[in-house]
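Counted from 1, the sequence shown has number 307 at position 307 by the UniProt record's numbering; the numbering is strictly sequential.
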Amino acid sequence: MRHGSDHLRGDVGFEVTDLETDLALWRGDDDMLIDGEDAYKTAPGMEALLDEKALLSSMADCTVEEEADKGPPENLVSMQLDNNDFYDGEVLDGLMDGRGRYTFSDGNVYVGEWVRGKKQGTGTFTWSNGDVYEGTWLDGKMHGHGRLVLKDKMIYEGEWQEGKCHGKGNCRYQNGDKFSGEFRDGKRFGQGKLVQVEGYTWEGNWRGNAMEGQGTCKYPSGDEYEGEWKESKRHGKGIQGRMKYCSGDSYEGDWRANKKHGAGAYSWARGMKFRGKWQEGRMHGNGTMVYPDGHVYEGGFIDNVPNGHGVLTRRGNKTEGKWQDGKLIARWEGKPPMLKEIDPFSAESIQLPSIPDICEP
């Protein structure tokens with residue numbers, strides 16, 4: 001069964017970048033689905049309202065709403081700016097302060113609390129395309145706890161810091177995939193669990209949207225891997241990774257870039273066992289093969305087959321010699337030992353049992 005990292009990279013990428021320039025959330029390799037510049041920009045024309053005189057002058061052409069029990073009239077204004085943006089709400093010392101509604105000329109709308117001209121407290125920002133953020137703000141940026149709905153794409157609910165998903169949160173994608181865990185600077189970072197509708201379950205440590213460090217993956221086939229990861233690929237030194245295959249086979253050992261590489265042990269469901277060196281997913285180098293009948297071969301392997309110097313032990317008797325493609329072609333005999341070639345058709349010839357397929361990777 002082949003399991004690569006492309007499935008993870010292609011289907012579940014998720015990032016929220018700094019909304020002072022852009023708000024970018026994507027699935028797969030798509031990028032820059034929405035432009036969130038209006039969420040943070042200073043309202044055009046509001047710079048002119050930084051002192052009380054400028055405010056009162058600007059209000060000459062505005063509709064002023066007043067209620068006797070809500071303070072002086074200058075605390076509540078309705079005004080259209082030169083660029084056709086519109087503000088309706090409370091002001092203080094020439095700045096938006098309190099509750100207010102700001103409507104941008106492009107159709108984006110913010111409704112909520114303001115402090116000294118910046119969004120701060122609780123508020124809702126609605127983009128003209130229907131995307132919505134509802135939650136808390138600090139110094140003009142999403143900060144604290146909030147819920148972001150990207151229409152027909154995904155929903156994120158959780159913690160924010162300076163305009164980015166940061167802390168604990170939950171993300172649900174349109175196709176039904178779900179991620180629950182930790183974020184840093186808009187990316188999966190820390191402990192988390194991703195469940196995909198196709199049957200994949202990834203759980204463990206994340207760094208920059210990729211599995212990194214210790215973690216597990218359960219595959220739709222029933223295979224299961226537990227161990228170390230690097231860039232969403234099985235990768236580790238020492239006895240760090242265990243792979244259980246639905247066939248009943250299992251592997252425990254080193255991995256590199258999603259392939260068995262280094263020292264490791266593989267067990268077949270039919271009873272055969274190998275322990276030794278691996279290279280790019282193949283038995284390569286010195287190792288020990290134990291056959292179901294109890295025979296043991298210790299020696300060299302090339303491309304999953306006994307090759308080179310090796311010793312075969314059968315019922316306590318040892319045969320030491322040179323092997324080629326799993327067959328004894330010469331043996332050590334005499335004193336001092338000398339390598340004697342063997343007639344491949346003679347009774348001395350030994351052919352080791354074929355090795356079953358190895359589940360990949």
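Positions of the beta carbon are idealized from the N, C-alpha and C atoms, including for glycine.
* Asked: Would you report the Cα separation of Val305 and Gln191, rounded to the nearest angstrom?
  -> 41 angstroms
* To do: For Met345, count neighbouring Cβ atoms within 10 angstroms of its own Cβ and tell me buried if that reaches 16, exposed if not.
  => It is worth fixing the name first, because residue 345 is Phe in this sequence and not Met. By the neighbour-count rule (16 or more Cβ atoms within 10 Å), Phe345 is not buried but exposed.
* Asked: Roughly how many angstroms lie between the CA atoms of Gln161 and Arg147, to the nearest whole one?
  -> Gln161 and Arg147: Cα-Cα distance of roughly 13 angstroms.
* Return yes when the Cβ of Asp185 is within less than 7 angstroms of the Cβ of Lys164, no when it is not. => yes
* Asked: What is the DSSP secondary structure of Asn75, counted as helix, strand or coil?
  -> In the three-state reduction of the DSSP assignment, Asn75 falls in the helix class, which pools H, G and I.
* Count the other C-beta atoms from every protein chain shown that fall within 10 angstroms of the C-beta of Glu131, then say buried if there are 16 or more, exposed otherwise. => The sequence shown places Asp at residue 131, not Glu. Counting Cβ neighbours within 10 Å, Asp131 comes out buried, since at least 16 surround it.
* Asked: Can you list, in chain order, the residues of its chain whose CB lies under 6 angstroms from that of Arg188, leaving out five sequence neighbours each side?
  -> Trp206, Asn209
* Helix, strand or coil for Lys230, going by three-state DSSP, please let me know. => In the structure shown, Lys230 sits in a strand (DSSP, three-state: E or B).
* Measure the C-alpha to C-alpha separation of Lys327 and Trp255 and round it to an integer number of angstroms. => 29 angstroms
* By how many angstroms is the C-alpha of Gly167 removed from the C-alpha of Val64? -> Because the pLDDT at Val64 is just 36, under 50, the model does not fix this residue reliably, and the value given afterwards should be weighed accordingly. Val64 and Gly167: Cα-Cα distance of roughly 42 angstroms.
* To do: For Lys340, name the three-state secondary structure that DSSP assigns.
  => strand
* 8 angstroms contact criterion, which Thr126 and Asn108 should meet: CB distance rounded -> Going by Cβ atoms, the distance from Thr126 to Asn108 rounds to 7 angstroms, so yes, they are a contact pair.
* Asked: Alpha carbon to alpha carbon, what distance is there between Arg172 and Leu49?
  -> At Leu49 the pLDDT is 35, less than 50, meaning the model places this residue with poor confidence and gives no usable figure here.
* Asked: In chain order, what residues of the same chain have a beta carbon less than 8 angstroms from the beta carbon of His261, not counting five sequence neighbours either side?
  -> Asp254, Trp255, Trp278, Gln279, Glu280, Gly281
* Within 10 angstroms of the Cβ of Met338, are there 16 or more other Cβ atoms? Answer buried if so, exposed if not. => exposed
* Starting from the Cα of Gln120, find the closest Cα among Tyr110, Asn129, Glu298 and give me that residue. => Ranked by Cα distance from Gln120, the first of Tyr110, Asn129, Glu298 is Tyr110.
* Around the C-beta of Arg234, are 16 or more other C-beta atoms found within 10 angstroms, so that it is buried, or is it exposed? -> buried
* To do: Grab me the residues of Ile358's own chain with a C-beta within less than 6 angstroms of its C-beta, minus the 5 sequence neighbours each way, in chain order.
  => The answer is none, since no qualifying residue turns up.
* Extent of the continuous beta strand (DSSP E) run through Arg256 -> First-last of the beta strand (DSSP E) with Arg256: 250–256.
* **Whole-Å CB distance - Cys246 paired with Ser267, under 8 angstroms assumed** => Under the criterion of beta carbons closer than 8 angstroms, Cys246 and Ser267 do not qualify as touching, at roughly 14 angstroms.
* To do: Note the first and the last residue of the continuous beta strand (DSSP E) segment covering Lys164.
  => According to the DSSP assignment, Lys164 belongs to the beta strand (DSSP E) that extends over 164–173.
* Asked: Is the beta carbon of residue 365 sitting closer than 7 angstroms to the one on Arg242?
  -> In this structure the chain extends from 1 to 361, so residue 365 is not present and cannot be described.
* Can you tell me the Cβ-Cβ gap for Glu224 and Lys218, rounded? I've got them flagged as a contact below 8 angstroms. => 5 angstroms
* What separation, rounded to the nearest whole angstrom, lies between the Cα atoms of Ile350 and Ala265? -> 25 angstroms
* Ser349, DSSP secondary structure in three states -> coil
* Asked: Helix, strand or coil: which one does DSSP assign to Leu148?
  -> strand
* Asked: When the Cα of Asn75 is compared with those of Asp85, Asp93, Phe86, which residue comes out closest?
  -> Asp93
* To do: Output the distance between the C-alpha atoms of Ala263 and Arg270, rounded to the nearest integer angstrom.
  => 22 angstroms
* CB-CB under 6 angstroms to Gln80, same chain, minus the five flanking residues each way: which ones, in chain order? -> Cβ within range, chain order: Phe86.
* Please work out which residues of its chain come closer than 7 angstroms, Cβ to Cβ, to Pro292, disregarding the five sequence neighbours upstream and downstream, and give them in chain order. => The residues are Arg270, Gly271, Met272.
* In chain order, which continuous runs of the beta strand (DSSP E) of length 3 or greater are located wholly inside the segment 250–303? -> 250–256, 259–267, 273–279, 282–290, 296–302
* Scan the segment 72–130 and note each continuous beta strand (DSSP E) run of 3 residues or more that stays entirely inside, going in chain order. => Annotation: the segment 72–130 contains the following complete segments of the beta strand (DSSP E) (minimum length 3 residues), in chain order: 76–80, 86–92, 95–103, 109–115, 118–126.
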